[in-house]
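First up is the structure itself, then whatever we jot down about it.
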Amino acid sequence: MTTIAVTHIASLVTNDPSLGNGTPLGLIQDAAVVIEGDRIVWTGESSKAPATDNVLDAAGRAVVPGFVDSHSHLIFAGDRTQEFNARMSGQPYRAGGIRTTVAATRAATDEELSANVARYLAEALRQGTTTFETKSGYGLTVEDEARALRIAGRHTDEVTYLGAHIVSPDYADDPAGYVDLVTGPMLEACAPHARWIDVFCEQGAFDGDQARAILTAGLAKGLQPRIHANQLSYGPGVQLAVELGAASADHCTHLTDADVDALGQGSTVATLLPGAEFSTRATWPDARRLLDAGATVALSTDCNPGSSFTSSMPFCVALAVRDMGMTPDEAIWSATAGGAAALRRTDIGRITPGARADLVLLDAPSHVHLAYRPGVPLVSAVWRGGQRVV
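Residue numbers for the sequence shown follow my numbering, beginning at 986 and rising by one.
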């Protein structure tokens, strides 16, 4: 296999505290990275880089790990521009808007849905996202949920069964019957195509008892739990996530002290989705409160057509710094290593020997510019699995 060295990196974020300056980011100044095949094989000071087959001079620019977007909803069709316009005109956000996308998604062909996913992934890749998770949840029938997961699996290994997004309109008068469907025939059809199971535990969606039944059924089928928790109101979602050992509790906007303590003491990652608060004009999650309690925090886009139609992790980094109490260092860690933790992955989200060679070259001397220069297209080049893709 050929080797390539990226040299003269002004500031390299490794996310390995044993390297560089000893902080969680493991910053190395005037650094180099050596890639062999799809792996990182060496990191260190540029002057000490070993000989390689090829060399790329970063010319004093920064390199960060590829962003890990651990929460998205990309298997959909249709458009909710009118809903967004109404919301920006003063109407509140409610989970029921999902039904609009369900109708459009059911009507779309497999080819249309797959093309949509490819489009948004290409958009995200240009902005530095090299790993993403995506969910079903806009079909809400056995066949539509299963086909959503099959389509998702063509694009990523991180596939989540979210039949419990909302109660299907077909079961509007029988929510218990829909839970039986989600935990029975739908789960049977969907489990072979997914790694994760998720549920929207919220007023207007599923309560704590329903969420417990759904996640427990998924666990019995070998799916690992994650949960939409405490987005629109206080509720049982976070406590349930910690109790069941969920990989992540996502949103975490309305938290009691007990919720914060549980996340600080457990292994469940608190995944914050600032694009949703931006797009719905909702209360910002308090990242500072979680971090000070010792919780592991991830940042993700929540890319979906209703409440957070952004694929930009740099945008979410800037929002987290500006409005959620995070430092630039904490935000870049959460958008890379934090996302990897939310997916229980150790091969991504860091630039250290043995990790997958996912790198982002910024047109800036430091990762701080992601928050310092919001909205500016700073991603200059992207490598995924050792291949330059941007």
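The C-beta atom is built at its ideal place from N, Cα and C for all residues, glycine as well. No experiment lies behind these values; they were computed from the predicted model shown.
message: I need the straight-line Cα distance from GLN1014 to LYS1033, nearest angstrom please.
response: Separation of GLN1014 and LYS1033 (C-alpha to C-alpha, rounded to the nearest whole angstrom) is 12 angstroms.
- request: Identify whether ASN1101 lies in helix, strand or coil by the three-state DSSP scheme.
  value: ASN1101: helix per DSSP, three-state reduction.
message: What does the Cβ neighbour count give for PRO1299, buried or exposed, with the cut at 16 atoms within 10 Å?
response: It counts as buried.
- prompt: If you pair each beta-carbon of the stretch 1180 to 1190 with each one of the stretch 1206 to 1214, do three or more pairs fall below 8 angstroms?
  reply: Look at the beta carbons and you see the stretch 1180 to 1190 touching the stretch 1206 to 1214: at least three pairs across the two are nearer than 8 angstroms.
query: For the stretch 1011 to 1027 against the stretch 1057 to 1073, are there 3 or more C-beta pairs whose distance is under 8 angstroms?
result: The answer is no - the stretch 1057 to 1073 does not touch the stretch 1011 to 1027, with fewer than three Cβ pairs under 8 angstroms.
task: Classify TYR1156 as helix, strand or coil using the three-state DSSP reduction.
output: Judged by DSSP in its simplified three-state form, TYR1156 adopts helix.
message: Could you compute how far the alpha carbon of MET986 sits from the alpha carbon of ALA1174?
response: Rounded to the nearest angstrom, the two C-alpha atoms are 41 angstroms apart.
- request: Over the uninterrupted beta strand (DSSP E) stretch that includes TRP1027, give me the two end residues.
  value: Segment 1024 to 1030, the beta strand (DSSP E) holding TRP1027.
- prompt: Are three or more beta carbon pairs between the stretch 1112 to 1125 and the stretch 1138 to 1147 nearer than 8 angstroms?
  reply: Per the Cβ contact rule, the stretch 1112 to 1125 is in contact with the stretch 1138 to 1147 (3 or more Cβ pairs under 8 angstroms).
field: Beta carbon of LEU1257 nearer than 7 angstroms to that of PRO1270
entry: Yes.
Own chain residues within Cβ distance below 7 angstroms of VAL1353, not counting five before or after: Only PRO1313 meet the Cβ criterion.
Uninterrupted beta strand (DSSP E) stretches inside the stretch 1131 to 1209 (no shorter than 3 residues): Runs found: 1143 to 1149, 1181 to 1186.
message: Could you check whether the stretch 1088 to 1096 touches the stretch 1024 to 1038, counting it as contact only if at least three pairs of C-beta atoms, one from each stretch, sit closer than 8 angstroms?
response: Verdict: no, contact absent.
query: Nearest-angstrom Cα distance between THR1265 and LEU1275?
result: In this structure, the CA atom of THR1265 is about 22 angstroms from the CA atom of LEU1275.
message: Here's the rule: buried if 16 or more other CB atoms are within 10 angstroms of the residue's CB, otherwise exposed. What is VAL1361?
response: VAL1361 should be labelled exposed.
query: In angstroms, rounded to a whole number, what distance separates the CA positions of HIS993 and SER1099?
result: HIS993 and SER1099: Cα-Cα distance of roughly 39 angstroms.
query: Cα-Cα, which of ALA1272, GLN1250, GLY1220, LEU1229 is closest to THR1241?
result: Minimum Cα distance to THR1241 is reached at GLY1220.
query: What separation, rounded to the nearest whole angstrom, lies between the Cα atoms of SER1003 and THR1337?
result: Cα-Cα distance, rounded: 10 angstroms.
field: Residue burial classification, ARG1139 (beta-carbon count within 10 angstroms, cutoff 16)
entry: With fewer than 16 Cβ atoms within 10 Å of its Cβ, ARG1139 is classed as exposed.
message: Does GLN1195 pass the burial test, meaning 16 or more other C-beta atoms within 10 Å, or should it be called exposed?
response: Classification of GLN1195: buried, given that the 10 Å Cβ count is 16 or more.
- prompt: Is it the case that the Cβ atoms of ASN1039 and ILE1083 are separated by a distance below 7 angstroms?
  reply: No, these two residues do not count as a Cβ contact at 7 angstroms.
- request: Kindly indicate the opening and closing residues of the beta strand (DSSP E) around GLN1014.
  value: If you look at GLN1014, you'll find it in the beta strand (DSSP E) that goes 1013 to 1021.
- request: Whole angstroms is fine: what's the gap from ALA1109's alpha carbon to ASP1165's?
  value: Those two C-alpha atoms are separated by around 36 angstroms.
message: Classify PRO1035: buried if its beta carbon has 16 or more other beta carbons within 10 angstroms, exposed otherwise.
response: Answer is exposed; the Cβ neighbour count stays below 16.
query: So, is THR1008 buried or exposed, given that buried needs 16 or more other C-beta atoms within 10 angstroms?
result: Residue environment for THR1008: exposed (fewer than 16 other C-beta atoms within 10 angstroms of its C-beta).
- request: Answer with buried or exposed for SER1296, where buried requires no fewer than 16 other C-beta atoms within 10 angstroms of its C-beta.
  value: Per the 10 Å Cβ criterion, buried.
query: What's the C-alpha gap between ALA1157 and ASP1192?
result: Cα-Cα distance, rounded: 15 angstroms.
- prompt: Looking only at DSSP bridge pairs, what is GLN1372 linked to?
  reply: Residue pairing by DSSP places GLN1372 opposite ARG1369 in a beta bridge.
field: HIS1352, DSSP secondary structure in three states
entry: Assigned with DSSP and collapsed to three states, HIS1352 falls in coil, not helix or strand.
field: For TYR1105 and LEU1059, believed in contact at Cβ under 8 angstroms, the rounded distance
entry: About 5 angstroms; that satisfies the 8 angstroms criterion.
query: Where do the ends of the alpha helix (DSSP H) carrying ASP1242 lie?
result: ASP1242 -> alpha helix (DSSP H) spans 1242 to 1250.
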